[in-house]
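First to last, the sequence lines map onto chains V and P.
Heads up, the first sequence is in our numbering, so the first residue is 1 and it goes up one at a time.
Heads up, the second sequence is in our numbering, so the first residue is 1001 and it goes up one at a time.
Here a beta-carbon is modelled for each residue, glycine too, at the ideal position from N, C-alpha and C.
Quick caveat: nothing in here was measured; it's all calculated off a predicted structure.
What follows is a short report on a single structure.
Protein chains: 2
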Amino acid sequence: MATLKLNKHMSIKNSHISVDCVIFGFDFENLKVLFIEQKIDDTLERELRLALPGDLVNLDENLDSAAYRVLTELTSIDKIYLKQFRAFGNPNRLKNEKDQFWIKKVRANPDARVITIGYFTLVKMDDVAPKASSFAGNTHWVNIDEIPELAFDHNQIVDQAMETLREDLEYKQIGYDLLPKKFTLSQLQRLYEVVLGAKLDKRNFRKKMKKTEFVVPLNEKQQGVLHKPAQLFKFNKS
Amino acid sequence: MATLKLNKHMSIKNSHISVDCVIFGFDFENLKVLFIEQKIDDTLERELRLALPGDLVNLDENLDSAAYRVLTELTSIDKIYLKQFRAFGNPNRLKNEKDQFWIKKVRANPDARVITIGYFTLVKMDDVAPKASSFAGNTHWVNIDEIPELAFDHNQIVDQAMETLREDLEYKQIGYDLLPKKFTLSQLQRLYEVVLGAKLDKRNFRKKMKKTEFVVPLNEKQQGVLHKPAQLFKFNKS
DNA sequence: AAAGAAAGTGTAATTTTAACACTTTTCAAA
DNA sequence: TTTGAAAAGTGTTAAAATTACACTTTCTTT
């Protein structure tokens, strides 16, 4: 009969379940995703790898709470649209050589099978000053179409998140938290374009948005631009 | 330092992750879900509780494979639309009294926290002769609007599956595997109606379906009905 | 032959979508 | 103060999709 020794870092505290957060941001130009550098404080082998922010779920913790915890620790944001979109459980998802190297440094129980639950969220980039934390080294915003090879199966997770985001934007109406309180229709259109990956017709887009109860005009204009300032709008949450 | 003893039934073989399958079927009348009776071979306490078919995921097993395994063991069906729709991980999801009673009988490690991954699938009821298996006692098809209180958090899981099914039927075009190879437009319409929970206009429905490449007419009519026999159609998979 | 039962069928009004190009407003630089 | 650059803002028409709506046909059974 095998025995398995537990210490305080191990299964008493943590399950073999993690959450990973795909944090989308928008800089009025491109859609971006927030990554962390894997912390490897080693002498050699200082190869930089990016990964999604994530952490093991505590044994007494909800999945949603864990995702929320990762998010707030990293970004100090509190309220947020946070959506679980898929579980990733390939038994070999952490088994390649580089992944193992990192895991052995960091995890108390490196051979354990860990499945992860993917969450995605939308944030205003200005609100976020990501900081190193218990699970994160430096952070980087990366354009959605310039994402390099990531640690683990994180490329797959990002792809899936992107697909879900696209569907949500099309069918439901998100868009909120990617823009500041006040925004122009051109900014909103650009957001739709980068998420949907398609160019939209300006007049038709504006026509549709104005029919929506969802976006309401303010008595205020854009300032500090070197061209005709645009009318500002806000979201009508309800 | 705590130690945890493992035997062959325990963590060497199994993770603390399970899959649960919401198997939808259609009897031309109502949408149904397949449940199993919890096996409790006890003298007293023979209270019947229904649960979703599900099982622990083996350590070397993909989530999808585990769901597939549960499905085939129970129904002997092989090919199938099988969709992961959500992870359920409330730490207390197995903690109520009745749930604990069952778990202590059956699980090697009853206190473990188990999260479950929900899958749903659509089957032709005729193809399915569910049989008792390693994890299942008797089975029951239950109308979607007559589902009693279930074991664990399975009511929540079914609700979520239903919601996802609805969206998929509306936006994508499933419907396949709920109907036999040959079917009438009225049967298809009834299926849409019970899934969407709304009455549809016959002429508009037929107009739309005929425009779809998706449903193609056969040179064949319904037989054995006591009224005008309907034209038969099939799905065009591609 | 009649009655019952569900199949099958068309039109008109409304709404939504798609395609398409020029004028206006502001700021900054000459 | 004029000029140019830059993006904002604006309407129309055609095509397609959606909705509402009721009677006739075909087959079976008695």
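Asked	Found
Please state if the CB of V:Asn-30 and the CB of V:Asn-143 are separated by a distance shorter than 8 Å.	yes
At a CB distance below 7 Å, what residues from the stretch 1081-1104 of chain P approach chain V? Give them in sequence order.	Gln-1084, Arg-1086, Ala-1087, Gly-1089, Asn-1090 and Pro-1091
Threshold first: 4 residues or longer. Then list the alpha helix (DSSP H) segments lying entirely within the stretch 1025-1099 of chain P, N to C.	1063-1075
Establish whether the CB of P:Leu-1055 and some CB of chain V are separated by less than 8 Å.	The identity of residue 1055 of chain P in the sequence shown is Asp, whereas the question assumes Leu. Chain V contact via Cβ: absent.
Under 7 Å Cβ-Cβ, which residues of chain P neighbour V:Tyr-171?	Tyr-1171
Whose C-beta lies closer than 6 Å to the C-beta of V:Asn-92 among residues of the same chain, with five residues either side of it excluded?	none
In whole angstroms, what is the alpha-carbon distance linking P:Asn-1090 and V:Phe-35?	27 Å
From the DSSP output, read off the bridge partner residues of V:Tyr-119.	V:Cys-21 and V:Gln-84
Can you name the residues of chain V whose CB is closer than 9 Å to the CB of P:Leu-1185?	Correct list: empty, because the minimum Cβ distance to chain V is about 26 Å.
Skipping 5 residues on each side, what residues in its chain have a beta carbon closer than 8 Å to that of P:Lys-1182?	Leu-1218, Glu-1220, Leu-1232, Phe-1233 and Lys-1234
Can you find at least 3 beta carbon pairs, one from the stretch 1050-1059 of chain P and one from the stretch 1165-1179 of chain P, that sit closer than 8 Å?	no
List the whole-angstrom C-beta distance separating P:Pro-1250 from P:Thr-1139, where the pair is believed to meet the contact cut-off of C-beta under 8 Å.	What the structure shows of chain P is the stretch from 1001 to 1238, and residue 1250 of chain P is not part of that stretch, so it cannot be assessed.
Have a look at V:Gly-197, V:Asp-27, V:His-154 and V:Ala-151 and flag the residue whose alpha-carbon is nearest the alpha-carbon of V:Leu-180.	Before going on, a small fix: residue 180 of chain V reads as Pro here, not Leu. Of V:Gly-197, V:Asp-27, V:His-154 and V:Ala-151, the residue nearest in Cα terms is V:Asp-27.
Going straight from the alpha carbon of V:Asn-96 to that of V:Ile-103, what length do you get?	10 Å
Have a look at P:Glu-1193, P:Thr-1212, P:Val-1019 and P:Ser-1076 and flag the residue whose alpha-carbon is nearest the alpha-carbon of P:Asn-1062.	P:Val-1019
Would you report the Cα separation of V:Lys-199 and V:Lys-208, rounded to the nearest angstrom?	15 Å
Taking 8 Å as the limit between beta carbons, can you name the residues of its chain near P:Ile-1077, skipping five residues before and five after?	Leu-1071, Val-1123, Asp-1127 and Val-1128
Starting from V:Leu-232, trace the beta strand (DSSP E) in both directions and tell me its first and last residue.	231-235
Who are the Cβ neighbours of P:Val-1195 in its own chain at under 7 Å, not counting the five residues just before and after it?	Leu-1031, Leu-1165, Arg-1166 and Leu-1169
With which residues is V:His-16 paired in a DSSP beta bridge?	V:His-16 is not bridged to any residue.
Please report the distance separating the alpha-carbon of P:Val-1022 from that of V:Met-162.	26 Å
Does the beta carbon of P:Arg-1113 sit closer than 8 Å to a beta carbon anywhere in chain V?	yes
Taking its Cβ as the centre, do 16 or more other Cβ atoms sit within 10 Å of V:Ser-238, making it buried, or is it exposed?	exposed
Compute the beta-carbon to beta-carbon distance between P:Gln-1189 and P:Lys-1202, rounded to the nearest angstrom, for a pair I have assumed lies under 8 Å.	7 Å
Among the candidates P:Ala-1087, P:Phe-1214 and P:Glu-1213, whose CA atom is the shortest distance from the CA of P:Ile-1157?	P:Ala-1087
Measuring straight from C-alpha to C-alpha, what distance separates P:Gly-1025 and P:Ser-1186?	17 Å
Go ahead and pull the three-state DSSP assignment for V:Lys-131.	coil
By how many angstroms is the C-alpha of V:Met-125 removed from the C-alpha of V:Lys-141?	Per the sequence presented here, residue 141 of chain V reads as Trp, with Lys not at that position. Rounded to whole angstroms, V:Trp-141 to V:Met-125 spans 9 Å at the Cα level.
Tell me the DSSP secondary structure of V:Asn-143 in three-state form.	strand
Return the CA-CA distance between V:Asp-159 and V:Phe-85, expressed in angstroms with no decimal places.	11 Å
Put P:Phe-1183 into one of helix, strand or coil per three-state DSSP.	strand
Please classify V:Asp-99 as buried or exposed, where buried requires at least 16 other C-beta atoms within 10 Å of its C-beta.	buried
Going straight from the alpha carbon of P:Pro-1229 to that of V:Lys-83, what length do you get?	48 Å
Per DSSP, which residues does P:Val-1215 bridge with? Please list them.	P:Phe-1235
Can you check which of these residues, P:Gly-1197, P:Ile-1117 and P:Thr-1184, is closest to P:Gln-1222 by C-alpha distance?	P:Thr-1184
By how many angstroms is the C-alpha of V:Thr-75 removed from the C-alpha of V:Thr-116?	20 Å
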